[in-house]
Amino acid sequence: MQQTSLHPMLNVAIKAARAAGAIMNRASLDLEALRINTKSPNDFVTEVDHACEGVIIETLLGAYPDHGILAEESGRTHGAKHSEYVWIIDPLDGTTNFIHGFPVYCTSIALTFRGKVEQAVVYDPTRNDLFYATKGRGAFLNDKRLRVSKRTRMSDALIGTGFPFRRGDNFKRYVKMFEEVMQQCAGLRRPGAAALDLCYVAAGYYDAFFETGLQPWDVAAGSLIVTEAGGLVGNFTGEADFLHQREVIAGTPRIYAPLVQTLAPYTRVIKEEDLAAPATAPASAPAAPAAAPVAKKRGPVRLKKEDRSDDSPV
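So that you can map any letter, position 36 of the sequence shown is 36 in the UniProt record's numbering, and since no number is skipped, the others follow by simple counting.
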């Protein structure tokens, strides 16, 4: 599909994503100078997140000033508050990877109309990989049409996931969930950027992906790219209402069904009451970090070389 034949709104999203990618690439050349804040333990935000979000919002609203915005760092403070069109933005998905120099991160932009995702872009600046989709017109990586894999057996499947790190995460249930899935599949992977994980399902690199604790900006764009590539996306019980459910399964149809069957008992691993309660974790696991919405922020710090040997999850 040539760029000139893309939907005008998708073209604007691609322009915004590439502008954010350029900011990431420049910043990645001097990570030692990066200013980092913590929204909560293990949940980082950098000046790059804010700069990327700023240029994305400026580009989108410059073209469509009457549209709404839902962004990871600024929420609904920009754009029209009651528009039927809402852009859902994750300016830098994989921030922990980024600040450690681990080259698995991206920007994710989706446009919803009346709550349904219509346009989607996920851009990986480290590889110059542009994943995109328009509802009903297929999914693409650069100029190549995407299709999910043809594998039909769980025993042959490579599956992506995410590890727990937030307050309210039930570590014991996660261990059981991982144990069940690992015994059924060929391998389990956790690179650390959910938007890219979903695109990897669409491209056939993975046969499925699952994670909990995700926000709409983590999954909105990737979910359309998966479905336009012939895959299925839902929550742990297989329902299509996943965007605000904080859990997602995506996969090729023949792998998706048994994965839903395995993960259905673990639905709502993170419950609202857990988020309000003190976090607990098994003695052998790291202490569960707090992630209350009003968590006290630390002041800016500069990332030092010795600080980047840690293996903190995203």
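Glycine included, C-beta positions come from ideal geometry on N, C-alpha and C. Source: prediction; values computed, not measured.
Exercise. Are the Cβ atoms of residue 315 and A208 separated by less than 8 Å?
Worked result: Absent from the structure is residue 315, since the part of the chain shown begins at 1 and ends at 314.
Exercise. CA-CA distance, R76 and G68?
Worked result: 7 Å
For this session: Report the option in G222, Q183, L188 and M182 whose CA atom is closest to the CA atom of Y200.
Result: G222
For this session: Output the boundary residues of the beta strand (DSSP E) element that contains I183.
Result: Rather than Ile, the amino acid found at residue 183 in this sequence is Gln. Taken as a continuous stretch (DSSP letters only), Q183 belongs to no beta strand (DSSP E), being part of the alpha helix (DSSP H) at F171 to Q184.
Exercise. Cα-Cα, which of I14, K15, D30 and L259 is closest to R153?
Worked result: L259
Exercise. Should the stretch 122 to 134 be regarded as contacting the stretch 12 to 30, the criterion being three or more beta carbon pairs within less than 8 Å?
Worked result: yes
Exercise. Do L224 and A194 have their C-beta atoms within less than 8 Å of each other?
Worked result: no
For this session: Using three-state DSSP, classify Y85 as helix, strand or coil.
Result: strand
Exercise. Whose C-beta lies closer than 6 Å to the C-beta of K135 among residues of the same chain, with five residues either side of it excluded?
Worked result: E118
Exercise. Can you list the alpha helix (DSSP H) stretches of 4 or more residues lying completely in the stretch 173 to 255, in chain order?
Worked result: 194 to 203 and 216 to 228
Exercise. By Cβ distance below 6 Å, which residues in the same chain neighbour F131 in space, the five residues on each side in sequence not counted?
Worked result: V122, L141, C199 and I225
For this session: Return yes when the Cβ of G230 is within less than 8 Å of the Cβ of R147, no when it is not.
Result: yes
Exercise. L232 and A220: beta carbons closer than 8 Å?
Worked result: no
Exercise. Would P164 be called buried (16 or more neighbouring beta carbons within 10 Å of its own) or exposed?
Worked result: buried
Exercise. Based on the DSSP output, what are the partners of A71 in its beta bridges?
Worked result: G75 and I89
Problem set entry | Span of the alpha helix (DSSP H) around T95 | T95 to I99
Exercise. Exposed or buried, what is H78 when buried is set at 16 or more other beta-carbons lying within 10 Å of its beta-carbon?
Worked result: buried
Problem set entry | Continuous alpha helix (DSSP H) stretch holding K15: start and end | P8 to A27
For this session: Would you please state the rounded distance, in angstroms, between the beta carbons of F236 and A264? I believe it to be under 8 Å.
Result: 6 Å
For this session: Go to A63, then tell me how far its alpha helix (DSSP H) extends in each direction, as first and last residue.
Result: E47 to A63
Problem set entry | CB-CB length for T59 against A16, believed under 8 Å | 4 Å
Exercise. Roughly how many whole angstroms lie between the Cα atoms of P91 and K176?
Worked result: 33 Å
For this session: Give the straight-line distance between the Cα atoms of Y85 and E228, rounded to the nearest whole angstrom.
Result: 20 Å
Exercise. Going by other Cβ atoms of all chains shown within 10 Å of its Cβ, with 16 needed for buried, is H100 buried or exposed?
Worked result: buried
For this session: Within 10 angstroms of the Cβ of E179, are there 16 or more other Cβ atoms? Answer buried if so, exposed if not.
Result: exposed
For this session: My understanding is that S155 touches Q184, with C-beta atoms under 8 Å, so please give their C-beta distance in whole angstroms.
Result: 7 Å
Problem set entry | Minimum C-alpha distance to S28 - residue among P191, A63 and N97 | N97
Exercise. Quick one, are the C-beta atoms of V48 and L61 less than 8 Å apart?
Worked result: no
Problem set entry | Three-state secondary structure (DSSP) of Y105 | coil
For this session: Could you pull out every residue in the same chain whose Cβ sits closer than 6 Å to the Cβ of A51, ignoring the five residues on either side in sequence?
Result: I23
Exercise. Are A63 and I88 closer than 8 Å when you measure CB to CB?
Worked result: no
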